[in-house]
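Visitor: Every position in the sequence shown, counted from 1, becomes a number in the working numbering once 203 is added. Every residue, glycine too, gets a C-beta built ideally from N, C-alpha and C. What you are looking at is a predicted structure, and each value in this text was computed from that prediction instead of being measured.
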Amino acid sequence: MTKSSVMTILGRAHTIARMSRETGIPSDELLGMVKEAKARKFPNACTRLLKGGLDLAQKFKVSLLSKGGALT
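Here it is, written out as structure tokens:
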């Protein structure tokens, strides 16, 4: 692991520990909440990337066909 990766992990751990002290919620529960939130965001991000990629491929295909290129 590079130093920046370690610092990122430590920064996240510090944030969760601080939030745990401020709210009184145990840190393992907060960590579970963070993981659940990321799991909910991930499919949406993947869907947007996939949709964007498919839109780009469609536009590329249309531009090739409009220039007289053959679809292979």
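Assuming L234 and I219 are in contact, meaning their beta carbons sit under 8 Å apart, how far apart are those beta carbons, in whole angstroms?
Guide: Mapped onto the sequence shown, residue 234 falls at position 31. Mapped onto the sequence shown, residue 219 falls at position 16. At roughly 6 Å, the Cβ-Cβ gap stays under 8 Å, so L234 and I219 are in contact.
Visitor: Just verifying my parser: in three-state terms, what is the DSSP assignment at I228?
Guide: To locate residue 228, count along the sequence shown from 1; it is residue 25. Reduced to three states, the DSSP call for I228 is coil.
Visitor: Report all residues from its chain with a CB closer than 7 Å to the CB of D231; omit the five preceding and five following residues, and keep chain order.
Guide: Here residue 231 corresponds to residue number 28 of the sequence shown, with the count starting at 1. No residues qualify anywhere along the chain.
Visitor: Compute the Euclidean distance between the alpha carbons of S207 and A240, then round it to the nearest angstrom.
Guide: In the sequence shown, the residue the question calls residue 207 occupies position 4. In the sequence shown, the residue the question calls residue 240 occupies position 37. Rounded to the nearest angstrom, the two C-alpha atoms are 24 Å apart.
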